[in-house]
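**Q**
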Amino acid sequence: MSTVDIEIKNLHAEVEGKAILKGVNLKINKGEVHALMGPNGSGKSTLSNVIMGNPSYEVTQGEIWFKGQNILELDPTERARLGVFLAFQYPVAIPGVSAAKFLKSAVEAVAPEGNKPSAGAFLKELRENIAYLEMDDSFINRFLNDGFSGGEKKRMEILQMLMLKPTFAVMDETDSGLDIDALRIVSKGVNKLVGPNLAVLLITHYERILQYIKPDHLHVLIDGRNVLSGGPELVKKLEEKGYDWIREEFGHEVLVS
Amino acid sequence: MTATIEQTDVWFPGFGESEFSNLIAGCGEQDAAARKVAFDRYRLCPVPTLRDEEWRRTDPDRIPFAGMKRLEGLDRAADPDRNDLDQAFDLVISISDRGYAITDRTGILAEGKAQVCPLSQMPADALGTYLHGEAVLEANRKYTQLNGAFWNVGFFIRIPANQVLAHGILIRYEHTTPGSILLPRLVVVAEAGSVAKVVEWYQSPDDVKLLCVGARELYVREAARLTVQAVQEWGVASTHVGEDWARVEKDGQIDWVTLTLGSGFSKMMVGCDVAEANANAYLSGLFFANEHQHIDQRTLQKHSAPHTYSNLLYKGAVKDSGHSVYQGVIAAAPGAIGVDAYQMNNNLILNTGARADSLPGLMIDADDLKCSHGATMGNIDPHQLFYLQSRGFSEVEARRMLVLAFFEEIIAKLNDSFLEDRIRADVNRKIG
Ligand SMILES: Nc1ncnc2c1ncn2[C@@H]1O[C@H](COP(=O)(O)OP(=O)(O)O)[C@@H](O)[C@H]1O
Ligand SMILES: [Mg+2]
């Protein structure tokens, strides 16, 4: 039996009539962390939005298989309930929706029918995760992401991920704009969930986060195509040789440290 | 003075000279005198027409006087009915077709923390305020004066100086007689240094055709703080006209929330004068027109004195074939310096076919005023919608959350979890 959990096949997508993804192919096995790197504008956020089902992006070709389904046929709600999670690069603020109420309703929304957590169990877990992410308690009494700093928003994304317990998490540059302390905390949050039941696509612009979250595979996306993919040997090569040779091979813009 | 107007169109059907004579024949002397002042103004005011700028989008002919009848006999005391709203208040005035009842739940009358009585029995020393009607900023308004002459249920509430009401006063209306015209009137005086909340709540069954022409006069004396919350939830077969006026004096503050959820057709006027130095007005509005509802609101922020402050936020949603109109006027006395006036109208248009017209920032003599104003129009933000869906909320649920979130800023101003939940539930029902 194949252990492949997620398979992206020849994915093409456009936004406002402009082709952005021009053939992305990825396989992620259960329990693996895959890093996806690429220069600004290469299509990383487009890929995450397409995986989650953002209707502003039009898929023109290809398939995304997850848990035996082509999830391109599902709406974002159904994808979330199937276990897909996107930690947004730029999470939106929703004034008027309290973070606590939002979290509770979201946990209930993704929980399978008949398996909704009790209010007490939810609160206990929420408190534990807030403490784990070294967040202030007052966070959850505020409106969702409203007036949050960049770092606070990223932590809120990780908190949601911990509460929703996805089986496929896409993290879109969650590390960008974080200081080293915040980066450590965010990584700690991801690592808490990493395990046999979670597949992670860790999108990053910098190799810095890869010191905290160890990927099993690495992909490089340039101009809407993943030009380079490799397993542990590629990760190891990167560790030994650094990233310079990729820059040389694929151009100066690929990686910026 | 009165001889110049002889046209027949100065009367609304059923509210003419003979009806007025009959009415005051049965009134006490003081009451009749007060009504007469209003009647003389009423007869001089022109009947609004579609040609008036204010009424261009709201046809006054849709206000149904013909075939409707002024409710009588509302001055009788009735047995108080119960309502779960009551628990949040010190004193409750409940009005139904049978009459009104006053229930002093926490004994504020006996303690002298408030005076509450029918308008016809107003204390003599308050009569001057009422007759003078200083709060009424535009005396030439037909509906305000119609109400002043013909009101059929009215209350006077006075909070004596420096008294503080812990929970406030609720006035709730529940009317069920088809074809009736209700003319409720409310006069509130918050004397110097007092703190109070007055909530007025209108309700009727959806299928009962009613016409309500209401008016309020609110007086906030020196350093007093008055909270007014007006909830209009008439059934959809009813028509509502409301003209409300406030005057805020030195160091006083009004926190005034107007919520318009009910009635098929409504036309409101909310006018507030921050009339003396350091007077403050927070004017908030929530309105939601769905199905075939029409809601028109005009606000006036008047700054009669230097160093006064007003902050207005009206938020509305339209859905189905709903239509809303907002007109915001800011007026200042010449040379009023140190004035800060803010006005914002946000509109959520939930589908094509629904319509919101917004005309903020209409200025009267306010050239050298420091003020800012604006309006926004838009549907649900697609980024917010996608964000919620990506967390497992269905599209319907996500939209519901976002409409409620849009209104939350206003709902939270009610500052009472019970009332807030009631309004959230009502908004939720309208979202469908
Ligand atoms: N919503 C959008 N509207 C228009 N262009 C977009 C939109 N999203 C992305 N693009 C364009 O698609 C390209 C890829 O963007 P993106 O996926 O955000 O790249 P990355 O995340 O790798 O920086 C860029 O040229 C960007 O301008
Ligand atoms: Mg990006």
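Top line first, the protein sequences correspond to chains A and X.
Residue 45 in the numbering used here is what sits at position 51 of the first sequence, and the numbering runs on without skipping anything.
Residue 187 in the numbering used here is what sits at position 199 of the second sequence, and the numbering runs on without skipping anything.
All C-beta atoms, glycine included, are put in the ideal place defined by N, C-alpha and C.
(1) Rounding to the nearest angstrom, what Cα-Cα distance links proline 294(X) and glutamate 264(X) in this structure?
(2) Let me check you understand the geometry: is the CB of glutamine 83(A) closer than 8 Å to at least one non-hydrogen atom of ligand 2?
(3) Report yes or no: is there a C-beta of chain A within less than 9 Å of the C-beta of glycine 366(X)?
(4) Give me, in chain order, the residues of the same chain whose beta-carbon lies closer than 6 Å to that of valine 245(X); leave out the 5 immediate sequence neighbours on both sides.
(5) Give the single residue among Val306(X), Val313(X), Ala354(X) and Ser312(X) whose Cα lies nearest to the Cα of isoleucine 325(X).
(6) Any beta-carbon of chain X closer than 9 Å to the one on isoleucine 88(A)?
(7) Cβ of asparagine 4(A) less than 9 Å from any chain X Cβ?
(8) Flag this pair as touching only if the region 205 to 225 of chain X and the region 400 to 414 of chain X have three or more C-beta atom pairs under 8 Å; answer yes or no.
(9) Tell me, please, whether the CB atom of valine 91(A) is closer than 9 Å to any CB atom in chain X?
(10) Taking 9 Å as the threshold (C-beta atoms), are isoleucine 145(X) and leucine 476(X) in contact?
(11) Just to confirm, is the Cβ distance from alanine 321(X) to asparagine 335(X) under 9 Å?
(12) Which of the residues in the region 44 to 69 of chain A, read from start to end, lie with their CB under 8 Å from any CB of chain X?
(13) Going along the chain, which residues of its own chain have a beta-carbon closer than 6 Å to the beta-carbon of serine 84(X), five neighbours each way excluded?
(14) Which value, in whole angstroms, describes the spacing of the CA atoms of isoleucine 242(X) and leucine 196(A)?
(15) Is the CB-CB distance between lysine 307(X) and valine 327(X) below 9 Å?
(16) Would you call the region 53 to 73 of chain A and the region 108 to 118 of chain A touching, i.e. three or more CB-CB distances under 8 Å?
(17) Taking all protein chains shown into account, do 16 or more other C-beta atoms lie within 10 angstroms of the C-beta of glutamate 279(X), making it buried, or fewer, making it exposed?
(18) I'd like the list of long-range same chain contacts for leucine 158(A), defined as Cβ closer than 7 Å, with 5 residues on each side in sequence excluded.
(19) If isoleucine 88(A) and aspartate 140(A) are in contact, beta carbons under 8 Å, what's the gap, nearest whole angstrom?
(20) Determine the burial state of aspartate -1(A): buried for a count of at least 16 other Cβ atoms within 10 Å of its Cβ, exposed for fewer.
(21) I need the DSSP call for threonine 368(X), collapsed to helix, strand or coil.
(22) Using the beta carbon as the reference atom, which residues fall closer than 6 Å to any heavy atom of ligand 4, ordered along the chain?
(23) Does valine -2(A) come out as helix, strand or coil in the three-state DSSP assignment?
(24) Anything in chain B within Cβ reach of alanine 393(X), meaning under 9 Å, just list it in chain order.
(25) Over what stretch of residues does the beta strand (DSSP E) that includes isoleucine 96(X) continue unbroken?
(26) Under 7 Å between beta-carbons, which chain A residues line up against glutamate 396(X)? List them in chain order, please.
(27) Among Phe27(X), Ile90(X) and Ala22(X), which has the Cα closest to the Cα of leucine 119(X)?
(28) Between the region 96 to 108 of chain A and chain X, which residues of the former have a C-beta closer than 8 Å to a C-beta of the latter?
(29) Contact criterion: CB-CB distance below 9 Å. Does alanine 125(A) meet it with respect to chain X?
(30) Just confirm the distance between the C-beta atoms of cysteine 260(X) and valine 229(X), as a whole number of angstroms; I'd bet it's less than 8 Å.
(31) I'd like the list of long-range same chain contacts for proline 193(X), defined as Cβ closer than 7 Å, with 5 residues on each side in sequence excluded.
(32) Counting beta carbon pairs with one atom in the region 12 to 27 of chain A and one in the region 218 to 231 of chain A, are three or more of them shorter than 8 Å?
(33) Quick one, which of Gln151(X), Ile159(X) and Glu205(X) has its alpha-carbon nearest valine 176(X)'s?
(34) Going straight from the alpha carbon of asparagine 123(A) to that of glycine 25(A), what length do you get?
(35) By alpha-carbon positions, which one of Leu338(X), Leu198(X), Phe77(X) and Leu134(X) ends up nearest to alanine 154(X)?
(36) Consider the C-beta atom of isoleucine 197(A) and the heavy atoms of ligand 2; say whether any pair is separated by less than 8 Å.
**A** Working from what's here:
(1) Walking along the second sequence from the start, residue 294(X) turns up at place 306. Walking along the second sequence from the start, residue 264(X) turns up at place 276. So the two alpha carbons sit approximately 7 Å from each other.
(2) The residue you call residue 83(A) lines up with position 89 of the first sequence. Yes, the Cβ of glutamine 83(A) comes within 8 Å of a heavy atom of ligand 2.
(3) On the second sequence, position 378 is the one that residue 366(X) refers to. By this cut-off, glycine 366(X) is not an interface position.
(4) For the purposes of this step, residue 245(X) is identified with residue 257 of the second sequence, where counting begins at 1. Closer than 6 Å at Cβ, skipping near neighbours: Gln217, Ser272 and Lys401.
(5) If you number the second sequence from 1, residue 325(X) lands on position 337. It is Ala354(X) whose Cα lies nearest to the Cα of isoleucine 325(X).
(6) If you number the first sequence from 1, residue 88(A) lands on position 94. For isoleucine 88(A), the answer is yes, since a Cβ of chain X falls inside 9 Å of its Cβ.
(7) The residue labelled residue 4(A) in the question sits at position 10 within the first sequence. Answer no: the Cβ-Cβ gap between asparagine 4(A) and chain X never drops below 9 Å.
(8) yes
(9) Taking the first sequence and counting its residues from 1, one reaches residue 91(A) at position 97. Valine 91(A) counts as touching chain X.
(10) The structure shown does not extend to residue 476(X), since chain X spans only -11 to 420, so no value can be given for it.
(11) Locating residue 321(X) in the second sequence gives position 333, where the first residue counts as 1. Locating residue 335(X) in the second sequence gives position 347, where the first residue counts as 1. Not in contact: alanine 321(X) and asparagine 335(X) (Cβ atoms no closer than 9 Å).
(12) Met46, Gly47, Asn48, Pro49, Ser50 and Asp69
(13) Translated into the one-based positions of the second sequence, residue 84(X) becomes position 96. If we look at serine 84(X) and ignore the five residues flanking it on each side, its Cβ neighbours are Glu162.
(14) On the second sequence, position 254 is the one that residue 242(X) refers to. On the first sequence, position 202 is the one that residue 196(A) refers to. So the alpha carbons of these two residues sit roughly 53 Å apart.
(15) For the purposes of this step, residue 307(X) is taken as the residue at position 319 of the second sequence. For the purposes of this step, residue 327(X) is taken as the residue at position 339 of the second sequence. In this structure, valine 327(X) does not lie closer than 9 Å to lysine 307(X) by Cβ.
(16) no
(17) Here residue 279(X) refers to the residue found at position 291 when the second sequence is read from its first residue. Exposed.
(18) As a first step, residue 158(A) must be located in the first sequence, where it is residue number 164. So the qualifying residues of the chain are Phe79, Ala100, Val101 and Val104.
(19) Locating residue 88(A) in the first sequence gives position 94, where the first residue counts as 1. Locating residue 140(A) in the first sequence gives position 146, where the first residue counts as 1. Indeed they touch by this definition, with Cβ atoms about 7 Å apart.
(20) Translated into positions along the first sequence, residue -1(A) becomes position 5. Aspartate -1(A) should be labelled buried.
(21) Along the second sequence, read from residue 1 onward, the residue named residue 368(X) stands at position 380. A small fix is needed here, since residue 368(X) is isoleucine in this sequence, not threonine. Of the three classes helix, strand and coil, the one that applies to isoleucine 368(X) here is coil, per DSSP.
(22) Questions concerning ligand 4 fall outside what the structure shown contains, since the ligands it does hold are ligand 1 and ligand 2.
(23) In the first sequence, the residue the question calls residue -2(A) occupies position 4. DSSP places valine -2(A) in strand when its eight states are reduced to three.
(24) The chain inventory of the structure shown lacks chain B, comprising the protein chains A and X.
(25) For the purposes of this step, residue 96(X) is taken as the residue at position 108 of the second sequence. No beta strand (DSSP E) holds isoleucine 96(X); DSSP gives it neither H nor E.
(26) Position 408 of the second sequence holds residue 396(X). Going along chain A in sequence order, the residues near glutamate 396(X) (Cβ under 7 Å) are Gly90.
(27) Stepping through the second sequence from its first residue, residue 119(X) is reached at position 131. Ranking Phe27(X), Ile90(X) and Ala22(X) by Cα distance to leucine 119(X) puts Ala22(X) first.
(28) Phe96, Ser99, Ala100, Ala103 and Val104
(29) What you label residue 125(A) is simply residue 131 of the first sequence in a count that begins at 1. Answer no: the Cβ-Cβ gap between alanine 125(A) and chain X never drops below 9 Å.
(30) If you number the second sequence from 1, residue 260(X) lands on position 272. If you number the second sequence from 1, residue 229(X) lands on position 241. In fact, because the Cβ distance is near 18 Å, the residues do not count as touching under 8 Å.
(31) Position 205 of the second sequence, counted from the start, is the residue given in the question as residue 193(X). These residues qualify, in order along the chain: Thr164 and Gly223.
(32) yes
(33) For this step, residue 176(X) is matched to residue 188 along the second sequence. Among Gln151(X), Ile159(X) and Glu205(X), the Cα nearest to that of valine 176(X) is on Glu205(X).
(34) To locate residue 123(A), count along the first sequence from 1; it is residue 129. To locate residue 25(A), count along the first sequence from 1; it is residue 31. Taking the straight line joining both Cα atoms gives about 21 Å.
(35) Residue mapping note: residue 154(X) aligns to position 166 of the second sequence, counting from 1. Minimum Cα distance to alanine 154(X) is reached at Phe77(X).
(36) In the first sequence, residue 197(A) corresponds to position 203, counting from 1. Isoleucine 197(A): yes, Cβ under 8 Å from ligand 2.
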